[in-house]
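Novice:
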Amino acid sequence: MQQDILEVLFTEEMIQDKVRELGAAISRDYTGKSPLFICILKGAVMFMADLAKRTDIPLEMDFMAISSYGDSTKSSGVVRILKDLDKEVEGRDLIIVEDIIDSGLTLSYLRNLLLQRNAKSIRIVTLFDKPEGRTVNISPNYFGFQVPNRFIVGYGLDYADKYRNLPYVGILRPEVYSH
Ligand code: PRP
Ligand code: MN
Ligand code: MG
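As structure tokens, then:
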């Protein structure tokens, strides 16, 4: 797997340090509250698990599977719900947990949906933000790292469902997806 990675951008240690910082910030901001963390599967699975452990408040977790990329490196623009939440969100403080915001399509769709379901508040935490990719106006309340306009994999981020299990994040060799 390592041989498919052109360059490591974020080491495991860099990621874990950042996750700790984000958990501390959320813990401060949500003191006395019990927010519902919503993990956007599959990409956010690693981040959700680590962030929740670093957040010292009585949070709850739920999971939603959404896909806009399929096996491509470009967003299809069509957002599909593959698995909906189990919990009611009406009147709740929600924190949407994402691995990356690129075009912003996934999150703007999701935010509208959760507003329609009468959430009390909605904030977004993403580990990676790719502002250059944006086609809709949406920004995170908390982010870990801004990333360049390259296709990155690891720590939940996939290409054709692979590389999610890398503990670091790097740029995939273009040869891997060019043929
Ligand atoms: C990826 C990523 C985000 C979304 C970001 O998910 O995990 O959810 O795309 O892109 P956007 O801002 O352009 O919408 P993907 O659709 O690949 O599904 P996955 O999480 O199961 O890999
Ligand atoms: Mn995703
Ligand atoms: Mg994906």
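For the sequence shown, the working numbering assigns the number 977 to the initial residue and increments by one for each residue that follows.
Note that beta-carbon positions come from the ideal geometry of N, C-alpha and C, so glycine has one too.
#1: Counting only the same chain and skipping the five closest in sequence on each side, list residues whose C-beta sits under 7 angstroms from that of Ser1043.
#2: Going by DSSP in three states, Lys994 sits in which element: helix, strand or coil?
#3: Going by DSSP, which residues form a beta bridge with Lys1138?
#4: Would you list the residues sitting across from Glu983 in a DSSP beta bridge?
#5: So is the beta-carbon of Gly1019 under 6 angstroms away from any non-hydrogen atom of ligand 2?
#6: According to DSSP, what are the bridge partners of Asp1038?
#7: Can Val1152 and Tyr1131 be called in contact, C-beta distance under 7 angstroms?
#8: Between Ala1041 and Gly1109, what straight-line distance do the alpha-carbon atoms span, to the nearest angstrom?
#9: For Asp980, collect the residues of the same chain with a Cβ closer than 7 angstroms to its Cβ; drop the 5 residues on either side in sequence, then sort them by chain order.
#10: What residues are listed by DSSP as bridge partners for Leu1070?
#11: With distances taken from CA atoms, which of Lys1138, Met1022, Gln992 and Phe1127 is nearest Leu982?
#12: If you draw a straight line from the C-alpha of Asn1113 to the C-alpha of Cys1015, how long is it?
#13: Which of the three DSSP states is assigned to Val1065 in this structure?
#14: Using 8 angstroms as the Cβ pair cut-off and three pairs as the minimum, do the segment 1017-1032 and the segment 995-1005 touch?
#15: Hey, is Ser1115 close to ligand 1, as in C-beta under 6 angstroms from one of its heavy atoms?
#16: Would you say Asp1105 and Gln1122 are within 7 angstroms of each other, going by their C-beta atoms?
#17: Compute the minimum distance between the beta carbon of Ile1016 and the heavy atoms of ligand 2, and state whether it is under 6 angstroms.
Specialist: Inspection of the coordinates gives the following:
#1: To locate residue 1043, count along the sequence shown from 1; it is residue 67. Once the five neighbours on either side are set aside, the close Cβ partners of Ser1043 are Arg1056 and Leu1058.
#2: Walking along the sequence shown from the start, residue 994 turns up at place 18. It is helical.
#3: Indexing the sequence shown from 1 puts residue 1138 at position 162. For Lys1138, which the question treats as bridged, DSSP gives the partners Tyr1135.
#4: Here residue 983 corresponds to residue number 7 of the sequence shown, with the count starting at 1. Paired residues: Ile1147.
#5: Taking the sequence shown and counting its residues from 1, the one referred to as residue 1019 is at position 43. Indeed, a heavy atom of ligand 2 lies less than 6 angstroms from the Cβ.
#6: Start at 1 with the first residue of the sequence shown, and residue 1038 comes out as number 62. Beta-bridge partners of Asp1038 (DSSP): Ile1014.
#7: For the purposes of this step, residue 1152 is taken as residue 176 along the sequence shown, with counting starting at 1. For the purposes of this step, residue 1131 is taken as residue 155 along the sequence shown, with counting starting at 1. No, the Cβ-Cβ distance between Val1152 and Tyr1131 is not below 7 angstroms.
#8: Counting from 1 along the sequence shown, the entry for residue 1041 is found at position 65. Counting from 1 along the sequence shown, the entry for residue 1109 is found at position 133. Ala1041 and Gly1109 have their C-alpha atoms some 22 angstroms from each other.
#9: Here residue 980 corresponds to residue number 4 of the sequence shown, with the count starting at 1. In chain order, Leu1148, Arg1149 and Val1152 place their CB closer than 7 angstroms to the CB of Asp980, counting only its own chain and leaving out the 5 sequence neighbours on each side.
#10: For the purposes of this step, residue 1070 is identified with residue 94 of the sequence shown, where counting begins at 1. Answer is Leu1012 and Ile1098.
#11: By one-based count along the sequence shown, residue 982 stands at place 6. The shortest C-alpha separation from Leu982 is found at Phe1127.
#12: Working through the sequence shown from its first residue, we reach residue 1113 at position 137. Working through the sequence shown from its first residue, we reach residue 1015 at position 39. For the pair Asn1113 and Cys1015, the Cα-to-Cα distance works out to about 21 angstroms.
#13: As a first step, residue 1065 is located in the sequence shown; it is residue number 89 there, counting from the start. Val1065 sits in coil when the DSSP states are folded into three classes, being neither helix nor strand.
#14: Yes: the two stretches touch, three or more of their Cβ pairs being nearer than 8 angstroms.
#15: Numbered from 1 along the sequence shown, position 139 holds the residue referred to as residue 1115. Ser1115: no, Cβ never under 6 angstroms from ligand 1.
#16: Residue mapping note: residue 1105 aligns to position 129 of the sequence shown, counting from 1. Residue mapping note: residue 1122 aligns to position 146 of the sequence shown, counting from 1. Cβ atoms of Asp1105 and Gln1122: closer than 7 angstroms.
#17: As a position in the sequence shown, residue 1016 is number 40, starting the count at 1. True, at least one ligand heavy atom lies under 6 angstroms from that Cβ.
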